[in-house]
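Sequence lines, in order, name chains F and P.
Here my numbering runs 1359 ahead of the position in the first sequence, where the first position is 1.
Here my numbering runs 1359 ahead of the position in the second sequence, where the first position is 1.
The structure appears below as structure tokens.
2 protein chains.
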Amino acid sequence: MSARALPYRPHNHDACVNQALAEAKAICQQQNARLTPTRERVLELVWQSHKPLGAYDVLAKLTSEGHNAAPPTVYRALDFLQQYGLVHRIASLNAFTGCTHAGKHHTGMFLICRACGNALELTDTSVSTAIYNAAGAEAFCTETVTLEVTGLCPSCQTEQHHE
Amino acid sequence: MSARALPYRPHNHDACVNQALAEAKAICQQQNARLTPTRERVLELVWQSHKPLGAYDVLAKLTSEGHNAAPPTVYRALDFLQQYGLVHRIASLNAFTGCTHAGKHHTGMFLICRACGNALELTDTSVSTAIYNAAGAEAFCTETVTLEVTGLCPSCQTEQHHE
DNA sequence: CTGCGAATGTTATAATGTTACAAATTTTGC
DNA sequence: GCAAAATTTGTAACATTATAACATTCGCAG
């Protein structure tokens, strides 16, 4: 598998989408989960860019395509996708983004640019370890970690025009 | 200044509240900010326990005290308190909690027990450093960090009855 | 083809958060 | 002290995000 493109640099984004869809199909098949058309379409929509997308944004896109959708349609699809590790919810944005480490056990860390809105998902062992240890020092049993960093991505640090 | 009590252990909680209020007054005085009665009352309410409180919970308490409050009343007070580092917003819960490190420059890390609902705020240099470095390795300029760990606190790991 | 569980449609509503403008209060400059 | 300015609060309406409850349809095993 090739390295992931950086969200805030120009790249062939179709490759991102295709890879994500291919991985999703493989994962669902392997786990005997049904990647139905609606679920697949929602996953595609979330992957339309590296900017986390609100549930109602997804809904609007579905609607504009003629899909007869309501909020539960979207939230159910997103729940399913989250369950199988195909998308992440960004709590600080109330939005969803495609998982770039699908299938791999990981603690997502997100770098979210406040200027261009793109989010980069990282996995960093020293971060996870430090968090796990800090929690352990308080005898706390860690189950889930929400780690979202906001700031400026390399592109937006130098450019004036934010995409 | 004495060490902080652990949220999920029995402790003299009035001391927590009193300390928080005293610190808040000192900080506001020092920064020439006005800790008005409404703001102070909201801070007290948020400090009524170590369980992060929703804005509408605060609103309900204010209302039950006869205060003529509406959502903006609460959100404005919370915004003010956040601005001066007196409360934190817990994004994964849509709730607010009193800051136990008010006045000190810090990156909050929260250990949130899914059983009892209490939250413990930590500051851990190795965690902050690891995060900052991981972001820096991507040439990302960190501004804010949201770090919320969910799991089981020591008490709830052993006890059946969750407070 | 029929019955069962999973998935989706549909309607309504809950929970969280914001906008906009008016009134009251506090501060400030004189 | 007093008027103007700035800050804070009141008030009503509304926007956004998410869920509940129940009916219907779909996919598939027997």
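From the three backbone atoms N, C-alpha and C, an ideal C-beta is built for every residue, glycine too.
Simplified DSSP assignment, three categories, for residue i
i         : result
P/Glu1518 : coil
F/Arg1398 : helix
F/Cys1387 : helix
F/Ala1454 : strand
P/Ser1480 : The amino acid occupying residue 1480 of chain P in the given sequence is Glu; Ser does not appear at that position. Reduced to three states, the DSSP call for P/Glu1480 is strand.
F/His1447 : strand
F/Gly1510 : strand
P/Cys1472 : strand
P/Leu1421 : helix
P/Leu1365 : coil
P/Pro1382 : The amino acid at residue 1382 of chain P is misidentified as Pro; the sequence shows Glu. Residue state, collapsed to three classes: helix.
P/Glu1403 : helix
P/Thr1505 : strand
Whole-Å CB distance - residue i paired with residue j, under 8 angstroms assumed
i         : j         : result
F/Ala1414 : F/Val1433 : 5 angstroms
P/His1464 : P/Glu1480 : Contact doesn't hold; Cβ gap of about 14 angstroms is too wide.
P/Cys1387 : P/Leu1394 : 4 angstroms
P/Met1468 : P/Leu1506 : 5 angstroms
P/Ile1471 : P/Val1508 : 7 angstroms
F/Pro1366 : F/His1409 : 3 angstroms
P/Cys1515 : P/Ala1474 : 4 angstroms
P/Gln1441 : P/Arg1448 : 6 angstroms
F/Gly1510 : F/Glu1382 : Not confirmed; about 28 angstroms, so no contact.
Where residue i falls, given that 16 or more other Cβ within 10 Å makes a residue buried
i         : result
P/Asn1477 : buried
F/Phe1425 : Position check: residue 1425 of chain F holds Gly in this sequence, whereas Phe was assumed. Its Cβ having fewer than 16 others within 10 Å, F/Gly1425 is exposed.
F/Glu1502 : exposed
P/Gly1495 : exposed
P/Ala1483 : What sits at residue 1483 of chain P in the sequence shown is Asp, not Ala. So P/Asp1483 counts as buried.
F/Arg1398 : buried
F/Pro1396 : exposed
F/Pro1431 : exposed
P/His1520 : Because the pLDDT at P/His1520 is just 47, under 50, the model does not fix this residue reliably, and the value given afterwards should be weighed accordingly. Exposed, because fewer than 16 other Cβ atoms sit within 10 Å of the Cβ of P/His1520.
F/Ser1423 : exposed
P/Lys1420 : buried
F/Thr1374 : Per the sequence shown, the amino acid found at residue 1374 of chain F is Ala instead of Thr. Flag for F/Ala1374 reads exposed.
Min CB distance residue i to chain P below 8 angstroms
i         : result
F/Thr1432 : no
F/Glu1522 : Here the model assigns F/Glu1522 a pLDDT of 41, short of 50, so the residue's position is not dependable, and the following value carries that caveat. F/Glu1522 does not count as touching chain P.
F/Gly1510 : yes
F/Thr1517 : no
F/Glu1497 : yes
F/His1370 : no
F/Thr1459 : no
F/Val1376 : no
F/Leu1437 : no
F/Val1401 : no
F/Ile1490 : yes
F/Val1486 : yes
Chain F within 8 angstroms of residue i, Cβ atoms only
i         : result
P/Leu1412 : no
P/Ala1474 : no
P/Val1446 : no
P/Pro1513 : yes
P/Asp1483 : yes
P/Ala1478 : no
P/Thr1501 : yes
P/Thr1505 : yes
P/Ala1450 : yes
P/Ala1362 : no
P/Ala1494 : yes
P/Leu1470 : yes
Any non-hydrogen atom of the ligand GTP within 7 angstroms of residue i CB
i         : result
F/Gly1444 : With respect to the ligand GTP, the structure shown offers nothing to examine, as it has no ligands at all.
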